[in-house]
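The structure under discussion appears below in the form of structure tokens.
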Amino acid sequence: MTETQSLPLIEFRDVVKNYKSEAGIFPALKGINLQVERSEFLGIIGKSGAGKSTLLNMFTGVDELTSGEVIVHANGESISLHTLSENDLALWRGRTMGVIYQSFQLLPMLTLVQNVMMPMDMSGLYHPRKSREKALELLDMVELIEHAHKLPAYISGGQQQRVAIARALANDPPVIVADEPTGSLDSVTADHIFQLFERLVQSGRTIVMVTHDKGLVPRFSRHIEIVDGELLPPSNSPLMGENHSFPLRGKVGKGAK
Amino acid sequence: MRPRWRKVFSDLIDNKARTLLVVFSIAVGVFAIGVLVGAYEIISTDMSVSYAANNPSNIEIRMSDFDEEFLHTLGNVEGVEDVEGRWVFGIRVRPLGSDEWTSLNVITIDNFEENKINLLSPVSGTAAPEKNQILLQKEIFEDFDVAPGDTIEFQLSDQTVKSIVVAGIVADSSTDAIDFLAPPLGYITPKTLRLFNEPEGNFNRLYATVGEGKDDEDHIKDVLSNIKDKVEKNDYMVWRAFNSKTHEHPLESTINAVLGILFALGVLILFLSSSLIANTLSALLNQHLRHIGVMKLIGGRDKLIFRMYIVLLFAFGVLSLVIAVPLGGQGAYALSEFMGTKIGFELLGYRIVPLAFIVQILIGILVPLAAGLVPVIKGSRVTVQKALSGDLAREADEGGEKKESRLESFQIRAVSVLADRGIRISRPLLVSLRNTFRQRNRLILTLFTLLMGGATFISVFNVRVSLTEYIQVVGNYFLADVTISFEKLYRINEVQQFAMDDPRVTAVEGWAFASAEILYDDDTVADNVDILAPPAESPLVNPLLVDGRWIAPTDKRKLAISESVYDSYPDLQAGDKIPLKILGREEIWEVVGIFKFIGMEGTIAYAPYEYIAKETNVVNQSASFRIVSDSHELEVQEELAKDLDAFFRDNGFQVSETSPGLSMLNEASESIDILITFLLIMAVLTAVVGAMGLAGTMSMNVLERTREIGIMRAVGATDFEIIRMVLVEGLLIGMISFVLSILVAFPFTYLLSWIVSSATFETPIAVVFTPVGYGIWLGLVILLSVLASVIPARGAARLTIREVLAYE
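Here the protein sequences line up with chains U and R, keeping their order.
So for the first sequence, the numbering used here puts the first residue at 910; every next one is plus one.
So for the second sequence, the numbering used here puts the first residue at 23; every next one is plus one.
If you want it as structure tokens, here you go:
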């Protein structure tokens, strides 16, 4: 076991994020302290405007913070995300983190297999032939191998989201961050996506997902609620009490329902 | 193919309209530059090679009749290599069955096989005519079709009409090269002279080449001076004398100047097309923001994304080269051929000009790279968050906030003030107005392109009128309503009497001529000058004086001289005296006035008939008459010229040529029109670039507002309203550019007129403005705006609400 493996995977230390607007300064995150352990499926629940997307952007380093620190202990090193340059961060993110959005964010001019190959191409970790083989494997895993050479416009929303998941897994990242990944999908399709996530967690990956849907709480190994930029203490959360000890393993997926 | 390059390839081929717009924008500029660089290279090489290949005379003297014996003595003048004498006379010709006469100067060449100066190049048929046969210069084709073996009719000065067989067609790049208004030429042997009732054994033109210093103007002038000395000492009269270099076509500097002007316009087109590229590329990068965001999210670094878009720019450049290089090569050759035909020189054959090829490739690659560099750098450096939110303007962090721009608050205030006063602007119009100014940088670039196109277009029309007016003014130095030249001197009274018999004739003037040399203080020759001698109080000459006064009847050894005298005497002022060699004597003459003229036509001067006629022993006589009629219309002049020609011939006068005044002006204007045609082609190209800019802007605007259009349709906007909204926006941009064009056309007209007139006339001319260019451009701008908007507008109106709102 390396030294970093004994540490939590992600640490938020007093993370503050303020936005300036014509009305004055708006605090979106008010001193967040949070730890994400390895192999957990963490749900961040909150209403619209609660700060959950801002919090997610702190995980990915996409948005800058006002104060505090986000540290990721992965791949044998500890990185304070917001000290990296935009370029270094892009490279680090490509290799360490898979990101999934509600609107899929596939490149419309590329086929599904090319979309999945893209992170491998960008990171330069794989030979083009190898990256193609791996992309096909991932598409097979998300049960889309027969559509591999179609453009995103010719498959359904649920299928596009599965491609986005395959793309997020392309570089074998230890963490997957998902922003309302089932938000624009019907309940059956959303359930399929969840099953996929649960399998990934079972295989040792860490998933952080934000959602406004409290009904999804039972499917997370742990969840936290964000209200007005603050994480609610477990006792204040009306949902707490169900899954409050973490990390919880083996209680997700079909068997946990 | 790696996904990143697959994406670049898709970007290139997926949006064909956009790719074509960018590729054509680059291609227009590359084509224009390719044509001009190619033509410049071809013309400057071929013109001098083709000119020199025919061993052009360095010296030409038009003089009184001389014989073979005197010609031989001229061959011994110091510095002379070869001399040839030729007999030149004017006739009128027409093809059989036609009743339209064309003027032709016939040159008698002693021996077609052995002549050494001003060689002819055969085009078709034989190059050496037999007795009673004629060779025709190929320029005759501009007037009528004729082939070797055909018979043509000709008319002599005594009205007799005879016929002669055309033995061949030839090209002659040397004879009369200096004078592109001269009539076409015919060539016969002395044996044919009798057919034309012309005397044998005489010459009236001397052509000479110099032994060394064939391209040394001073040396040639010295030799010319030696010849003229000898001619005048032997009591011959010199009417006009010319000197030219062997390897420089007399019109080369003019052609180069014209190409220079066209080149400047080519650069302008290139500049405009690059602003169009910048516009399109920044829109493309805007559309690709989300893609850039995704790529950065999954590991793409600035450098990698920068490289992808640079490759895209490179591909645009290569595609434009595929179109522009072959077309540019063809265009360069076509332009050179056109110039060659007009000026009278042969091209060495079609070829690729390496310089033009290299310049085109450099421009085709570098221009899109340069124009796209800023948008690409900006696009590749955008942060993931800004890219994914698709809003470059939004400041996401504490650093800033979005405020109304001054223009936006002005619009809002203006609308509310108008509304308070009961003036309501319809909502769709308001949307159009607001949309017009939304993408300000794009609007500025579009306006700039349209504005430059418009201003150039309008200026070209103004310059055309300025040039024509100037030719009219300059034409007044020589021309009356009808000019009649006789083969010999006639008493002025006699000609006046005959001419005044025609009730349309109101005045007749006989003019005299003399040739002189302007000398420097050390007696070397500075320049040749033709002295025209109208009656001092002639109402026919309205000079544009730049200094001093016009000639007076009592003037002795005084002249008014054209501006080109400044080349020899830069500080000359009215009242100064200059040494002149006239009629074989060195004299000191006073310059009483300096006037504007066409510099390339050489230096001319005016002295009163009263003095020159006395000095040349032609008092009360003349061979050249100016006739004034009661009407100055071309039709009336033509009719009068025809009647007077017939009348004088019927009465036994030996008429050489009769020409209506305006027809010669028209010929001069035609030459100017060639230049104007090229300027117009360039103006149209700038207009095309402008139109492409507007079309690009409108389609980008509509594309970016697809979601808004969907919302408008969802709240009840009809197809008609959507189309009208886009059309109004396009028209508004067109009209703003038109108003700005009107203003910018003023300095443009002055600048273009100065450049063109300095190149063609070697003197700046007065600028005249015409509403024609403004009118045509207004019509064009309206048409272009509608065309540029209608396609995107129809496209927008056709989208269903579902498609629009689902648009990603």
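We treat Cβ as the ideally placed atom computed from N, Cα and C, and that holds for glycine.
Contact belief for R:Val161 with R:Arg116 at Cβ below 8 Å, rounded distance in angstroms: Per the sequence presented here, residue 161 of chain R reads as Glu, with Val not at that position. Not confirmed; about 16 Å, so no contact.
Minimum Cβ-Cβ distance from U:Ser1093 to chain R less than 7 Å: With respect to chain R, the C-beta atom of U:Ser1093 has no partner C-beta closer than 7 Å.
R:Phe535 - DSSP class collapsed to helix/strand/coil: Reduced to three states, the DSSP call for R:Phe535 is strand.
Integer Cβ distance of R:Glu100 from R:Asn265, believed to fall under 8 Å: In fact, because the Cβ distance is near 16 Å, the residues do not count as touching under 8 Å.
U:Gly1138 versus U:Ile1116 - alpha carbon distance: One C-alpha to the other measures close to 21 Å.
Chain R residues whose Cβ lies nearer than 8 Å to that of U:Arg1002: Those within 8 Å of U:Arg1002 in chain R are Leu319, Ile320, Gly321.
Option in U:Gly977, U:Lys1059, U:Ile1085 with minimal Cα separation from U:Arg1004: Looking at the Cα atoms, U:Ile1085 is the closest of the given residues.
Under the three-state DSSP convention, the category R:Trp27 falls into: Looking at R:Trp27 - three-state DSSP - the assignment turns out to be helix.
Chain-ordered chain U contacts of R:Thr405 [CB-CB under 7 Å]: Against R:Thr405, the close residues of chain U are Glu995, in the order they occur along the chain (beta-carbon pairs closer than 7 Å).
Assigned secondary structure, U:Trp1001 (DSSP; H/G/I helix, E/B strand, else coil): For U:Trp1001, the three-state secondary structure derived from DSSP is helix.
Option nearest R:Ile332 by Cα separation, candidates R:Val30, R:Asp652, R:Ala574, R:Met361: Ranking R:Val30, R:Asp652, R:Ala574, R:Met361 by Cα distance to R:Ile332 puts R:Val30 first.
Straight-line gap, R:Ile480 to R:Ser296 (C-alpha atoms, nearest Å): If I take the Cα positions, the gap works out to 22 Å.
Residues that DSSP places opposite R:Val803 in a beta bridge: DSSP output for R:Val803 lists no bridge partner at all.
Residues of its chain near R:Val45, where Cβ-Cβ distance is below 8 Å and the 5 sequence neighbours each way are ignored: Setting aside the 5 residues that flank it on each side, R:Val45 is surrounded in the same chain by Phe338, Leu341, Ser342, Ile345, each with a C-beta closer than 8 Å to its C-beta; the list follows chain order.
Chain-ordered chain R contacts of U:Asp1081 [CB-CB under 7 Å]: Under the 7 Å cutoff, chain R gives no residues; its nearest Cβ is about 13 Å from U:Asp1081.
Limits of the unbroken alpha helix (DSSP H) element including U:Ser939: Per the sequence shown, the amino acid found at residue 939 of chain U is Lys instead of Ser. Where U:Lys939 is concerned, there is no enclosing alpha helix (DSSP H), although the beta strand (DSSP E) around it starts and stops at 933-945.
Any 3 or more C-beta pairs closer than 8 Å across the segment 55-68 of chain R and the segment 286-293 of chain R: Yes, the segment 55-68 of chain R touches the segment 286-293 of chain R.
Alpha-carbon spacing of R:Leu118 relative to R:Leu158, whole angstroms: Here the C-alpha atom of R:Leu118 lies approximately 15 Å from the C-alpha atom of R:Leu158.
Residue closest to R:Ile787, alpha-carbon to alpha-carbon, out of R:Leu773, R:Ile798, R:Tyr796: Ranking the options by Cα distance to R:Ile787, first place goes to R:Leu773.
Any chain R beta carbon closer than 7 Å to U:Gln1069: For U:Gln1069, no Cβ of chain R is located within less than 7 Å of the residue's own Cβ.
Near-chain U residues of the segment 42-55 of chain R - C-beta to any C-beta below 8 Å: Those would be none; no residue qualifies.
Within 9 Å of chain C by C-beta, residues of the segment 944-973 of chain U in sequence order: The displayed structure is made up of protein chains U and R, and chain C is not among them.
Short CB-CB distance (under 7 Å) between U:Gln1011 and chain R: For U:Gln1011, the answer is no, since every Cβ of chain R falls outside 7 Å of its Cβ.
Segments of 3+ residues assigned as beta strand (DSSP E) that fall wholly inside the segment 366-408 of chain R: Entirely contained in the segment 366-408 of chain R, not one beta strand (DSSP E) run reaches 3 residues.
Exposure of U:Ser915, with buried meaning 16 or more beta-carbon neighbours within 10 Å: It counts as exposed.
Exposure label - R:Asp194; buried when at least 16 CB within 10 Å: When all chains shown are included, R:Asp194 counts as buried.
The segment 605-624 of chain R contacting the segment 643-659 of chain R, beta-carbon criterion three pairs below 8 Å: With a cut-off of 8 Å, the segment 643-659 of chain R and the segment 605-624 of chain R do not count as touching, because too few Cβ pairs lie within range.
Same chain, Cβ closer than 8 Å to R:Val183, five either side skipped, listed in chain order: Hits under 8 Å: Glu175, Phe176, Gln177.
Cβ-based neighbour list, U:Pro1017, same chain, cut-off 8 Å, excluding 5 preceding and 5 following: Only Leu1060, Pro1061, Ala1062 meet the Cβ criterion.
N-terminal and C-terminal residue of the alpha helix (DSSP H) that U:Pro1037 is part of: Element bounds for U:Pro1037: 1037-1050.
Contacts of U:Val1008 in chain R (Cβ-Cβ under 8 Å): Chain R residues near U:Val1008: Leu319, Ile320.
Euclidean distance between Cα positions of R:Ser402 and R:Phe328: Answer to the nearest angstrom: the Cα atoms are 5 Å apart.
Cβ contact (3+ pairs, closer than 8 Å) linking the segment 985-992 of chain U and the segment 1043-1052 of chain U: Taking 8 Å as the limit for Cβ pairs, the verdict is that the segment 1043-1052 of chain U does not touch the segment 985-992 of chain U.
Contact set for R:Leu832: own chain, Cβ-Cβ below 6 Å, skip 5 residues either direction: Look at the range of chain R in this structure, 23 to 830, and you will see that residue 832 of chain R is not part of it.
Minimum length 3: unbroken beta strand (DSSP E) runs contained in the segment 455-537 of chain R: With a minimum length of 3 residues, the continuous beta strand (DSSP E) runs that stay inside the segment 455-537 of chain R are 504-513.
Host alpha helix (DSSP H) of R:Asp244 (start-end): Following the DSSP letters along the chain, one finds R:Asp244 inside the alpha helix (DSSP H) bounded by residues 239-255.
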